[in-house]
Ligand SMILES: Nc1nc2c(c(=O)[nH]1)N[C@H]1C(S)=C(S)[C@@H](COP(=O)(O)OP(=O)(O)OC[C@H]3O[C@@H](n4cnc5c(=O)[nH]c(N)nc54)[C@H](O)[C@@H]3O)O[C@H]1N2
Ligand SMILES: Nc1nc2c(c(=O)[nH]1)N[C@H]1C(S)=C(S)[C@@H](COP(=O)(O)OP(=O)(O)OC[C@H]3O[C@@H](n4cnc5c(=O)[nH]c(N)nc54)[C@H](O)[C@@H]3O)O[C@H]1N2
Ligand code: SF4
Ligand code: SF4
Ligand code: SF4
Ligand code: SF4
Ligand code: SF4
Ligand SMILES: [Mo]
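Residue numbers (our numbering), protein chains in the order written: chain E, 1 to 806; chain B, 807 to 1077; chain Z, 1078 to 1452.
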């Protein structure tokens, strides 16, 4: 998501599932939609069947998605950057990019400071302090004349972004890419031709990705490469185009929007820093950009504070800004947190709808860390591996001192509320059945927990009780046990203080304390649709004006916009790139179209064309992005564990990777003979995540009971392994047993002239539930992306051995 | 009007949604099947799975492997061998063309199992006292509990399919549609599986991979097997009535002849 | 051991048989409550196994009952009447055996009566079921006609009166079910090996059951004669097997003609498992007996015994080939009978053998119909 925000301004899927119907060419890379997003796959196939759309699938494994591909490319895990930069190189060399789009809507013409450079795999500004690598981004800035950035609309200036990009990607010629990725040149060329063809004005190319892209130490740069390719081909903002990050859990988009990440407040407002932001003014001055829509940030923050603290938040007391929790620069991401836990710095854990004992990297280590806790509360549907970490195999419960609590939660069908899907649609769901036994909805649990904590603070005091005591918390529904969802929804949506009506636009939010809003990007979702008489998120009208935007079905954030950056669907003068897919048209002095404008529709097209990416300060899509830690352009590095040396530079791994201490961070050497095979982890359609839910469901267990490992027929022959044999999979972190699936699902690849075997591991098993099996994450390394800290689940080294004796 | 389902294997993504929907709708218990290298679980339909989605690695024309998935279940034959051979009418054909089993009438002889040309019916071997023959009922239940078709709904599996690989409708219409799909897209092999097999089935399949590669029997007799049986059984009355008459005649004739012969003997002796 | 007019001699062999029979009854009850698995090795590929093969063979071997009824009572060939009764007895006992095994074989045994009320008349199995039930009843009447010579004698007269009708029914019913047993396999004809996959199968079953009848009667007479010291003249037996002989020639011609006309004859000589089994069935079970039958060997007890044995074995082999050999290529070889299947098959024979010995000792089945000759 960081890669998307850095490129376009928002970290969300640009288009939506139904819009896939408008695509000409799909490039599905690092996503197995058929298994992980079956309903999205439906639209891909719909476009193929109805319009003859082409499907390219890039995956190390022959997946169920690849089974439907027109071109299936088997590549080596962790080599997506060369793969994508190579397509850019091909498009530039053959002038297949969308020139007009590039000049108008992206920063291709911006001129970068002359000091900027790239050498030996590193960008200018590299610094090593106490073994900590960072970039000084001063040289990554644009030249300006004090006010405006210097540009060259001809794209000829040697230091303009386009020329720099051209030079950067020129090293990724077809042969080189083929040697790094293991993709035969012929196949790769075909991919380049097919996808680069969507650079034509009237063609829409759609890149779909998911965890195969993000779960790498350079995952953010993988996403950047995708975003850049789409900008180059002019595919953003168009129907059937976009960068479509297919998000995971049914409501993960919603939980990210609502601040699930440790560095964010609701609505993507950064968490204040304890030293950097001493008061509200300080925060506003330092964090509000001068241009772009984020210049409204103070309104969103103040409204948020009003929602949090109600009447207690006044102008005089900085709207209780001081009560907000602050970060201190330490790593509070998943791995950082578990590292601290292992080191005894974290005393208690509430695992609320999470099962890290199976899902976390180096899961065996994470289970060790849990033993150091004083207490643990698990809020879950089942007694998960996490809840039961103290009676895992080989653990003596007597030695574990942690006090554990398990609170039974209600499942999604057992409660009501909204779910935000990957396409940003906020949809209301009603309760289907009552929760069993003593299970309660998460809102109920949160409500009671908060009230009890407040009571204790009120009665017993504490170090800093004010933030708790000042909290505006009243969601009771008289006569009901469950909190009132409508009250919560209204607060998230935003309202004028003193009024009880949902605002219909975040444009109406104020920074003077007259409005309260729990999450500005959702404003409008609870406002009542006048025609249908229900809150927008409860709408169910299948009426459509032709392009599949379904504007009266649910509510899509922001402001019901279905395709983000949709100003780019038409040219400077408001003429759609493709008449048959005209999302907007400037006609008779106004915009007509099928979507809600994601731009200022009140001005003439030539003006809105100046800032089509409204969330970015300069309003232009970023081919060159200077706000990530690891470089303005993506560059190929090897995964932290790799069988080969980096063919492109001396820099073997990304210098900015997040690394940790302990056995979970042990790594194999480059080309380690002890661990010769490349392993990757993946999902299967039958199971969900850590398997807590699915491995407790008999009919889902039945359709996929056994943990297995996919190995190639060649490898099986070499090792004397037959289908169904039990094998050891060993890594530098540990070893697990699984049954061998011998199948051309995986095949050896030719990398730098060397044969490289690929091994696939699903990661859904653990030691609880009906179907038990080894946990793949006992093998994965604790290394992560420098920007997001996402672990490198998708490329590591292993060995395979047949379990001897029966 | 015979109802049917058109299964378009080019659209199936192997999600097993149909399989689990069938299980839920029909209240079938779950088991833990053995490991299968194709990840087809269970590897074949069984007592508790009316349907299973076969997973197969197949080679394309260019020599590259790919995956294909095929939901298997009772084909609902137009001339069902199982119905013909069932001697207690536990298997019957509904007016809609569904072949429906009624456990109350079943003797458990398993003739239907050996007779089905598609090896569909499966036996509940492990049940000691009330073992049933198990097969897809086309969501048709004369007793009501699991009935969908009778209530004007489409089958549970069809309803669950996210990729429109399954289409429910009148067989004639589906056949037309299948022909149309095949002729409008060269990827299909020119074979509607079930159009002629076993004399025609209500479930029809089209595919871009030859059916034998997916483990479908392509040598199924096109003459419905029940024809052979009828052909034989039609002689039954003749045999019984004709034979009965003949034997009666012979009996009395030979008896009389013997008596006469004996009488003659006696006379001769007397003489 | 004596009960009223009936008595039963105890010998060590009979004690063994009794023990086996008792054990079998226990096993049968066990099987009925425990279900088909784990008792049998039957599975979805092989839903039918040893018991079906045993039943098919047994019904064929019981053919003597109706072939002799036909010859002795319908055609009134006098010299065959000497063996007609014992043929009928053996046949009856075999049918009881068959019903017993069938009862154990069906999964929902408490539902065995269903087809009587819910007629699946389009099934060959329905015809088999109804005919066998009826035929067993008819034979039972025939049996009581003899038994009432000794017990419940006041019924004898009545039974004797209805005998002609009973006899005609008894002759005709097996025509239906012997052929229908073959017709059962018309339903699998497209999966069977070419050497057996023929629409002629009902008629082949019928003819073979007819000619195997005399062979079994011959064997039984030779064996029973030794045990009970009842002599039947070789002449009668030779005439009897000659009837078989002629039918076997017809059968041979029909069979070869059928296989040849379907173009699968070469498969018999292909050296495959199926080919060899077919050759064995035809040569040992049909051709050699024919030779014996029409050679001087048929004048010797040894010759008669060899004929009886080979012909019976040939027909059993034919049924086994139909049930197993013809389908093994299609269904795979995932089945071999469990010990339980063997035990019940063999144990049920013990029960029948006991019944046979008891009846032969107490009733007049050895001799021919005295009343008829006396009149
Ligand atoms: N049935 C099911 N559906 C799910 C989930 C589930 O657990 N089960 N989980 C949900 C969640 S939370 C998420 S995040 C999504 C994830 O959805 P996906 O990302 O689609 O799922 P994965 O199987 O983890 O990874 C996708 C593919 O990436 C491939 N891959 C591995 N390494 C590489 C690489 O280096 N490069 C590229 N290009 N591909 C690589 C894998 O072979 C795999 O096929 O799915 C969601 N949907
Ligand atoms: N090797 C490897 N590891 C991975 C990945 C990978 O691709 N490879 N993918 C990663 C990704 S993308 C993700 S998202 C994580 C997921 O990792 P986790 O989030 O730890 O895994 P889940 O199984 O989704 O855990 C969700 C828990 O919530 C419970 N639950 C479900 N519904 C509710 C509810 O309504 N209320 C409450 N309170 N609990 C509920 C479930 O029973 C389950 O125990 O795993 C990561 N781990
Ligand atoms: S969210 Fe539910 S319905 Fe949608 S694709 Fe996933 S499993 Fe299917
Ligand atoms: S497929 Fe088999 S079980 Fe289904 S109707 Fe046809 S014969 Fe009967
Ligand atoms: S097993 Fe049941 S359904 Fe099948 S043929 Fe026998 S009686 Fe009919
Ligand atoms: S039609 Fe009904 S019974 Fe048959 S497979 Fe589909 S869901 Fe199951
Ligand atoms: S539900 Fe549809 S797509 Fe999924 S396995 Fe079944 S037929 Fe295939
Ligand atoms: Mo995820």
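Backbone N, C-alpha and C define an ideal beta-carbon position, used for all residues, glycine too.
Owing to the predicted nature of the structure, the values given are computational and were not obtained by experimental measurement.
Residue i versus residue j: straight-line alpha-carbon distance, rounded
| i | j | result |
| --- | --- | --- |
| residue 82 of chain E | residue 223 of chain E | 12 Å |
| residue 36 of chain E | residue 350 of chain E | 28 Å |
| residue 15 of chain E | residue 612 of chain E | 15 Å |
| residue 1442 of chain Z | residue 1198 of chain Z | 36 Å |
| residue 914 of chain B | residue 889 of chain B | 14 Å |
| residue 1430 of chain Z | residue 855 of chain B | 44 Å |
| residue 176 of chain E | residue 366 of chain E | 39 Å |
| residue 1063 of chain B | residue 1242 of chain Z | 18 Å |
| residue 172 of chain E | residue 184 of chain E | 15 Å |
| residue 1202 of chain Z | residue 1282 of chain Z | 14 Å |
| residue 1307 of chain Z | residue 1300 of chain Z | 10 Å |
| residue 876 of chain B | residue 997 of chain B | 15 Å |
| residue 1086 of chain B | residue 881 of chain B | What is shown of chain B runs 807 to 1077, which leaves residue 1086 of chain B out entirely. |
Unbroken beta strand (DSSP E) run spanning residue i, endpoints
| i | result |
| --- | --- |
| residue 591 of chain E | 590–593 |
| residue 129 of chain E | 126–129 |
| residue 1287 of chain Z | Element bounds for residue 1287 of chain Z: not the beta strand (DSSP E) but the alpha helix (DSSP H), 1278–1305. |
| residue 798 of chain E | 796–802 |
| residue 976 of chain B | 972–976 |
| residue 376 of chain E | 375–380 |
N- and C-terminal bounds of the alpha helix (DSSP H) containing residue i
| i | result |
| --- | --- |
| residue 1132 of chain Z | 1127–1138 |
| residue 710 of chain E | First-last for residue 710 of chain E: 708–711, but that is the beta strand (DSSP E), not the alpha helix (DSSP H). |
| residue 1404 of chain Z | 1403–1408 |
| residue 447 of chain E | 442–460 |
| residue 45 of chain E | 38–51 |
| residue 1329 of chain Z | 1311–1338 |
Simplified DSSP assignment, three categories, for residue i
| i | result |
| --- | --- |
| residue 729 of chain E | strand |
| residue 334 of chain E | helix |
| residue 314 of chain E | coil |
| residue 322 of chain E | helix |
| residue 173 of chain E | coil |
| residue 352 of chain E | strand |
| residue 218 of chain E | coil |
| residue 923 of chain B | coil |
| residue 424 of chain E | coil |
- Touching or not, the segment 58–68 of chain E and the segment 582–591 of chain E, by the rule of three or more beta carbon pairs under 8 Å? The segment 58–68 of chain E makes no contact with the segment 582–591 of chain E, as fewer than three CB pairs between them are under 8 Å.
- Is the segment 37–57 of chain E touching the segment 218–232 of chain E, taking contact as three or more C-beta pairs under 8 Å? Contact fails: fewer than three Cβ-Cβ distances are below 8 Å.
- Any contact of the segment 677–684 of chain E with the segment 371–381 of chain E, i.e. 3+ C-beta pairs under 8 Å? Flag = no, the segment 677–684 of chain E and the segment 371–381 of chain E do not touch.
- Do the segment 725–744 of chain E and the segment 698–711 of chain E make contact, defined as three or more Cβ pairs closer than 8 Å? Contact check between the segment 725–744 of chain E and the segment 698–711 of chain E: three or more CB pairs, one atom from each, fall below 8 Å, which counts as touching.
- Task: Tell me, please, whether the segment 998–1013 of chain B touches the segment 807–814 of chain B by the rule of three or more beta-carbon pairs shorter than 8 Å.
- Result: Yes: the two stretches touch, three or more of their Cβ pairs being nearer than 8 Å.
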